[in-house]
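S.K.: The following block contains the structure, expressed as structure tokens.
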Amino acid sequence: MADVLPKPVLLIGAGALGSSILKGMRIVGHAVPTDLMILDLQPGDEAKAYAADGAQLNTPPETWEAARTVILAVKPQGWHAVAAILHGNLRADAIIVSVMAGVQTSSLQQAFAGHAVARVMPTTGVATGKGVASIYADGEDALTAANGVFAPMAATVVLSDESQMDSATAVSGSGPAYVYAFVRALEKAGRETGLSRSHARDLARGTLISAARLLDQTGEEPDDLIRKVASPGGTTEAALKVLCAEGAGLDELLLAAVQAAHKRSKELG
Ligand SMILES: NC(=O)c1ccc[n+]([C@@H]2O[C@H](COP(=O)([O-])OP(=O)(O)OC[C@H]3O[C@@H](n4cnc5c(N)ncnc54)[C@H](OP(=O)(O)O)[C@@H]3O)[C@@H](O)[C@H]2O)c1
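Residue numbers (our numbering): 15 to 283.
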């Protein structure tokens, strides 16, 4: 049985990621606006649309006690101030679900003493109802709440060791940007080999989307899908000899990139 999301939900921070979570909830429908309380210093369009549909926006502290799940989606630099504001205004069994990169469970447990805590590293792709999210929880209640929020709108991975969160951040948290950088490079290469700007744009983006769909729908391994595109002596094989050159190709480049993100994630923590 799917994990049930304890409601109402208090979302603190409706910026890039918080708004993506709200959009995902709207698509999937596992939390409707009246299940939501939203706090944001300068609410954006998504938070305002939720408020128009019945969510409570920036209501006073005495209302927060109703929340059973509290999603912390502010920048890591700002969370201590949020914890101070929440202190004494949450019900004892409210569960803290933090999506903040690098903020350790032990720090959250200290700030929210007595509350169950989960850390989640989602992608902004949750806005489409099909994101990715890594979860580390300090117990069953926290895992249920984190899964309750994210499993309906993301492929979830439950980590058994919190230190793996740095790797998850480096692979999937930052990962969408690597893919966008790849598309940007493919567009640029298309232009430099003779395509118009708009044709290069459409072909590069369409290629990513159709390849991702096949990966998703067939469940086949990347190597098998590559074999289906790259015939011996053909154009794809010629490109792959450059792209995947042993010792100086994509594998090495991506490993170095992920290692850099992993190192930074540890530093931020
Ligand atoms: N963006 C991503 O792809 C992504 C992915 C994984 C994890 N994360 C994590 O998600 C968290 C949020 O990132 P983001 O990119 O969404 O940042 P963001 O766009 O800056 O959103 C944070 C929001 O929180 C608001 N806020 C700040 N302090 C607040 C307070 N005391 N009370 C209420 N609202 C407050 C901010 O308002 P103001 O703008 O007025 O300050 C802003 O709207 C970060 O901790 C980040 O590590 C982000």
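We put the CB at the ideal spot given by N, CA and C, even for glycine.
Give the straight-line distance between the Cα atoms of residue 225 and residue 102, rounded to the nearest whole angstrom.
M.R.: 50 Å
S.K.: Classify residue 193 as buried or exposed, calling it buried when 16 or more other Cβ atoms lie within 10 Å of its own Cβ.
M.R.: exposed
S.K.: Would you call the CB atoms of residue 250 and residue 244 closer than 8 Å?
M.R.: yes
S.K.: Does the Cβ of residue 163 lie closer than 7 Å to at least one heavy atom of ligand 1?
M.R.: no
S.K.: Below 8 Å on the Cβ atoms is my contact criterion, and I expect residue 88 with residue 114 to pass it. Report the Cβ-Cβ distance as a whole number of Å.
M.R.: 7 Å
S.K.: Buried or exposed: where does residue 248 fall if 16 or more other Cβ atoms within 10 Å of its Cβ makes it buried?
M.R.: exposed
S.K.: Return yes when the C-beta of residue 26 is under 7 Å from any heavy atom of ligand 1, and no when it is not.
M.R.: yes
S.K.: Exposed or buried, what is residue 198 when buried is set at 16 or more other beta-carbons lying within 10 Å of its beta-carbon?
M.R.: exposed
S.K.: Taking the beta carbon of residue 211 as the centre, do at least 16 other beta carbons fall within 10 Å, making it buried, or is it exposed?
M.R.: exposed
S.K.: Closer than 7 Å by C-beta to residue 15: which residues in its own chain qualify, once you throw out the five before and the five after it? Chain order, please.
M.R.: In this prediction, residue 15 scores a pLDDT of 47, lower than 50, which makes its location untrustworthy; the coordinate-derived value is nonetheless stated afterwards. If we look at residue 15 and ignore the five residues flanking it on each side, it has no Cβ neighbours.
S.K.: Can you give me the C-alpha to C-alpha distance between residue 147 and residue 201, rounded to a whole angstrom?
M.R.: 28 Å
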